[in-house]
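Chemist:
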Amino acid sequence: MTVQLGRWLGPAFLLCFVTGIFSHLLQEPGSLPLFPLRPVWIYQLSQGVHLVTGIAAIPLLLAKLWSVYPELLRWPPIRNLRDVLERGSIALFVAASLIELTIGLINTYKWYPWPFPFRQTHYWLAWLIIGSLVLHIAVKLPLIARHWRKNKALKDSPRPVGGWTRRGLLTGVGLSATAVVLSTAGQSFSWLAPFNIFAPRRQNTGPQAVPVNRSAAEAGISPAAVGDGWRLRLVYRGRSLELSLRQLGRLPMAEYELPVACVEGWSQSARWRGVPVRDLVALMGAPAGSTLRITSLEVAGNYRQMTMPGAYSQDEQTLLALELNGEPLDLDHGFPARVMAPGRPGVLQTKWVSSVEVLG
Ligand SMILES: Nc1nc2c(c(=O)[nH]1)N[C@H]1C(S)=C(S)[C@@H](COP(=O)(O)O)O[C@H]1N2
Ligand SMILES: [Mo]
């Protein structure tokens with residue numbers, strides 16, 4: 001049974017790991033030689049899979065621990081060198097996994113009760129988990145191989161585990177994993193939205209039917225700062241150019257269906273209309289494909305400034321958006337102007353933009 005649970009848990013952890021690394025690298029400027037721009041929902045899908053596999057892993061991991069816990073409490077804990085490897089890797093794996101899944105889950109509820117930077121911690125724990133998992137699988141390979149050879153006696157043995165039959169327990173665990181996934185995945189996959197019971201965000205809610213991650217009030221954006229005096233500052237080689245909202249609105253606009261895909265799992269597609277960022281780059285006289293630094297009116301906060309690699313700044317679908325679903329942006333969605341680029345994590349879709357600088 002432990003092997004069977006491992007067969008479910010292995011792919012869940014692997015998918016969660018790969019999508020997590022992808023998400024992390026997308027948020028590190030200069031980390032990727034190539035940024036995937038299409039399909040525009042590539043990050044929405046990848047982060048949806050990250051959340052689904054991470055959430056499914058919680059009941060699977062707990063069941064696996066429960067299926068082996070008499071072994072874990074064995075005395076003496078270490079008898080030989082193999083034990084050191086085996087038990088050491090398991091201790092590391094279990095501790096790191098429990099912390100990883102717990103902080104990941106808590107993070108989706110927008111609660112950050114820890115003093116450490118979440119993304120970096122989550123990233124390094126992931127490597128620790130995958131490393132100890134590889135070691136664990138290597139040590140257990142003989143046992144796993146024996147099971148894979150479909151030893152009938154081993155597989156069909158009706159020996160109950162803690163009063164449960166193997167089949168009963170596996171069905172229960174499978175159903176629990178399915179239930180937690182079904183009741184939360186609706187925050188990222190619209191066809192599951194009706195079953196979204198436990199996920200913190202709901203699709204099609206919020207101003208203009210799109211959820212808000214951080215409101216203008218939370219970000220300390222005063223209505224005065226986005227009033228008639230607001231100007232977009234464009235900076236290239238020490239020269240700057242200022243555009244009012246009215247002037248910006250007279251530039252040619254484009255409209256695309258693009259998702260906001262939050263790293264915390266929820267996502268929502270909508271129609272965004274605005275000035276292509278590459279037109280702003282051209283307006284400054286800067287070369288196409290320049291790296292940009294985009295700054296928000298927000299005074300403090302992790303998402304005040306964002307670096308945009310050239311791959312995005314020259315893409316036709318990267319917008320300085322002024323409208324959402326056919327109306328001017330709501331203040332909470334980043335009025336007067338916000339960035340919307342294809343395939344990027346929500347944290348990089350900067351709201352309440354005040355300046356665009358060419359870095360090089
Ligand atoms: N200036 C600024 N932009 C920001 C944020 C922020 O806190 N400040 N939050 C980001 C995050 S985490 C997400 S998921 C998206 C959400 O966009 P929405 O609130 O319009 O749905 O905005 C991004 N842009
Ligand atoms: Mo987000």
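Numbering (the UniProt record's numbering), first residue to last: 1 to 360. Virtual Cβ for every residue (Gly too), placed ideally from N, Cα, C. Bear in mind that the values here come from a model prediction, so they are computed numbers and not experimental data.
Which residues in the same chain have their Cβ closer than 6 angstroms to the Cβ of alanine 282, if we skip the five residues on either side of it in sequence?
Modeler: Within the sequence shown, the letter at position 282 stands for residue 282. Here the set comprises nothing.
Chemist: Within a Cβ cutoff of 8 angstroms, which residues of the same chain sit near leucine 101, ignoring the five residues on either side of it in sequence?
Modeler: Here residue 101 corresponds to residue number 101 of the sequence shown, with the count starting at 1. So the list reads Gly54, Ala57, Ile58 and Leu61, once near-sequence residues are dropped.
Chemist: Measuring from the CB of cysteine 262, is there a heavy atom of ligand 2 at a distance below 7 angstroms?
Modeler: Along the sequence shown, one-based indexing puts residue 262 at 262. True, at least one ligand heavy atom lies under 7 angstroms from that Cβ.
Chemist: Would you grab the beta carbon distance between alanine 341 and tyrosine 312 for me? Rounded to a whole angstrom, and I think it's under 8 angstroms.
Modeler: Walking along the sequence shown from the start, residue 341 turns up at place 341. Walking along the sequence shown from the start, residue 312 turns up at place 312. 5 angstroms between Cβ atoms; contact.
Chemist: Are glycine 274 and alanine 321 closer than 8 angstroms when you measure CB to CB?
Modeler: Counted from its first residue, the sequence shown places residue 274 at position 274. Counted from its first residue, the sequence shown places residue 321 at position 321. Yes, the pair counts as a contact, with Cβ atoms nearer than the cut-off.
Chemist: In its own chain, which residues sit with a C-beta less than 7 angstroms from the C-beta of serine 240, not counting the 5 before and 5 after it?
Modeler: Position 240 of the sequence shown, counted from the start, is the residue given in the question as residue 240. Same-chain partners within the cutoff: Arg233 and Leu234.
Chemist: Going residue by residue through the region 9 to 74, where are the continuous alpha helix (DSSP H) segments of at least 4 residues, counting only ones entirely within it?
Modeler: Those alpha helix (DSSP H) runs which fall completely within the region 9 to 74 and span 4+ residues are 42 to 72.
Chemist: Could you name the residues of the same chain whose beta carbon sits closer than 7 angstroms to that of proline 276, not counting the 5 residues immediately before and after it, in chain order?
Modeler: The residue labelled residue 276 in the question sits at position 276 within the sequence shown. Contacts found: Ala254, Glu316, Thr318 and Leu319.
Chemist: Would you call the CB atoms of proline 223 and tryptophan 266 closer than 8 angstroms?
Modeler: Start at 1 with the first residue of the sequence shown, and residue 223 comes out as number 223. Start at 1 with the first residue of the sequence shown, and residue 266 comes out as number 266. Contact flag unset, no.
Chemist: Quick one: give me the first and last residue of the alpha helix (DSSP H) that glutamine 305 is part of.
Modeler: Translated into positions along the sequence shown, residue 305 becomes position 305. Note, glutamine 305: premise wrong, no alpha helix (DSSP H); beta strand (DSSP E) at 305 to 308.
Chemist: Of all the options Val299, Pro11, Ala300 and Ala286, which has the alpha carbon lying nearest to the alpha carbon of residue 361?
Modeler: Here the chain covers residues 1 to 360 and nothing more, so residue 361 does not appear.
Chemist: Using the three-state DSSP reduction, which class does alanine 251 fall into: helix, strand or coil?
Modeler: Within the sequence shown, numbered from 1, the residue matching residue 251 stands at position 251. Going by the sequence as given, residue 251 is leucine instead of alanine. Of the three classes helix, strand and coil, the one that applies to leucine 251 here is coil, per DSSP.
Chemist: With DSSP collapsed to three states, give me the class of leucine 111.
Modeler: The residue labelled residue 111 in the question sits at position 111 within the sequence shown. It is tryptophan, not leucine, that sits at residue 111 in the sequence shown. Reduced to three states, the DSSP call for tryptophan 111 is coil.
Chemist: Could you round the C-beta distance between glycine 346 and leucine 37 to whole angstroms and report it? I think they count as a contact, below 8 angstroms.
Modeler: For the purposes of this step, residue 346 is taken as residue 346 along the sequence shown, with counting starting at 1. For the purposes of this step, residue 37 is taken as residue 37 along the sequence shown, with counting starting at 1. Actually they do not touch by this definition, with Cβ atoms about 16 angstroms apart.
Chemist: Please report the residue range of the beta strand (DSSP E) in which threonine 295 lies.
Modeler: Here residue 295 refers to the residue found at position 295 when the sequence shown is read from its first residue. From DSSP, the beta strand (DSSP E) with threonine 295 extends over 292 to 296.
Chemist: DSSP has tryptophan 272 in a bridge; who is on the other side?
Modeler: Here the question's residue 272 lines up with position 272 in the sequence shown. Paired residue(s): Tyr256 and Leu324.
Chemist: How would you write the range of the alpha helix (DSSP H) that valine 263 sits in, first residue to last?
Modeler: Position 263 of the sequence shown, counted from the start, is the residue given in the question as residue 263. Taken as a continuous stretch (DSSP letters only), valine 263 belongs to no alpha helix (DSSP H), as it is neither H nor E.
Chemist: Can you check DSSP and say which residues form a bridge with glycine 234?
Modeler: Against the sequence shown, residue 234 aligns to sequence position 234. One point to set straight first is that residue 234 is leucine, not glycine, in the sequence displayed. Per DSSP, Leu241 and Val356.
Chemist: Could you tell me which of Arg166, Ile137 and Ile294 sits nearest to phenylalanine 13, measuring between CA atoms?
Modeler: For this step, residue 13 is matched to residue 13 along the sequence shown. When each option's Cα is compared against that of phenylalanine 13, the closest is Ile137.
Chemist: First and last residue of the beta strand (DSSP E) that includes valine 281?
Modeler: Here residue 281 is taken as the residue at index 281 of the sequence shown, counted from 1. Counting along the chain, valine 281 falls outside any beta strand (DSSP E), though it belongs to the alpha helix (DSSP H) covering 277 to 283.
Chemist: Is glycine 346 near ligand 2 - that is, is its Cβ less than 7 angstroms away from at least one heavy atom of it?
Modeler: As a position in the sequence shown, residue 346 is number 346, starting the count at 1. Because some heavy atom of ligand 2 lies under 7 angstroms away, the Cβ of glycine 346 counts as near it: yes.
Chemist: Taking only three categories from DSSP, how would you classify leucine 329?
Modeler: Locating residue 329 in the sequence shown gives position 329, where the first residue counts as 1. Looking at leucine 329 - three-state DSSP - the assignment turns out to be coil, as it is neither helix nor strand.
Chemist: Under DSSP, the beta strand (DSSP E) around arginine 338 begins and ends at which residues?
Modeler: Position 338 of the sequence shown, counted from the first residue, corresponds to residue 338. Segment 338 to 340, the beta strand (DSSP E) holding arginine 338.
Chemist: Buried or exposed, going by whether 16 or more other CB atoms sit within 10 Å of the CB of alanine 145?
Modeler: Counting from 1 along the sequence shown, the entry for residue 145 is found at position 145. Exposed: under 16 other Cβ atoms inside 10 Å.
Chemist: Please classify asparagine 196 as buried or exposed, where buried requires at least 16 other C-beta atoms within 10 Å of its C-beta.
Modeler: Locating residue 196 in the sequence shown gives position 196, counting from the first residue. The residue is buried, with at least 16 neighbouring Cβ atoms inside 10 Å.
Chemist: What is the residue span of the alpha helix (DSSP H) that glycine 172 lies within?
Modeler: One-based indexing of the sequence shown puts residue 172 at position 172. Residues 166 to 182.
Chemist: On the DSSP bridge list, what partners appear for leucine 128?
Modeler: As a position in the sequence shown, residue 128 is number 128, starting the count at 1. None; leucine 128 has no bridge partner.
Chemist: Straight-line CA distance for valine 141 to tryptophan 114?
Modeler: Taking the sequence shown and counting its residues from 1, the one referred to as residue 141 is at position 141. Taking the sequence shown and counting its residues from 1, the one referred to as residue 114 is at position 114. Checking the displayed sequence, the identity of residue 141 turns out to be leucine instead of valine. Each residue's alpha carbon lies about 37 angstroms from the other.
Chemist: Would you mind sorting asparagine 204 into buried or exposed? The rule is 16 or more other CB atoms within 10 Å of its CB.
Modeler: Taking the sequence shown and counting its residues from 1, one reaches residue 204 at position 204. Exposed is the call here.
Chemist: Spell out whether any CB of chain C is found under 8 angstroms from the CB atom of alanine 199.
Modeler: The structure shown contains no chain C, having only a single protein chain.
Chemist: Candidates Glu298, Val84, Ile78 and Gly326: which alpha carbon is nearest glycine 334's?
Modeler: The count along the sequence shown starts at 1 and reaches residue 334 at position 334. When only C-alpha atoms are compared, the closest one is Glu298.
Chemist: Please determine, among Glu327, Gly172, Leu292 and Gln314, the residue with the shortest C-alpha to C-alpha distance to threonine 350.
Modeler: If you number the sequence shown from 1, residue 350 lands on position 350. It is Leu292.
Chemist: Are serine 46 and phenylalanine 22 touching if we call contact CB-CB under 8 angstroms?
Modeler: Locating residue 46 in the sequence shown gives position 46, counting from the first residue. Locating residue 22 in the sequence shown gives position 22, counting from the first residue. Yes, these two residues count as a Cβ contact at 8 angstroms.
Chemist: Give the straight-line distance between the Cα atoms of asparagine 325 and serine 215, rounded to the nearest whole angstrom.
Modeler: Stepping through the sequence shown from its first residue, residue 325 is reached at position 325. Stepping through the sequence shown from its first residue, residue 215 is reached at position 215. Whole-angstrom Cα-Cα distance: 18 angstroms.
Chemist: Taking the alpha carbon of serine 97 as the reference point, which residue from Pro200, Arg7, Gly131 and Ile294 has its own alpha carbon closest?
Modeler: Position 97 of the sequence shown, counted from the start, is the residue given in the question as residue 97. Minimum Cα distance to serine 97 is reached at Gly131.
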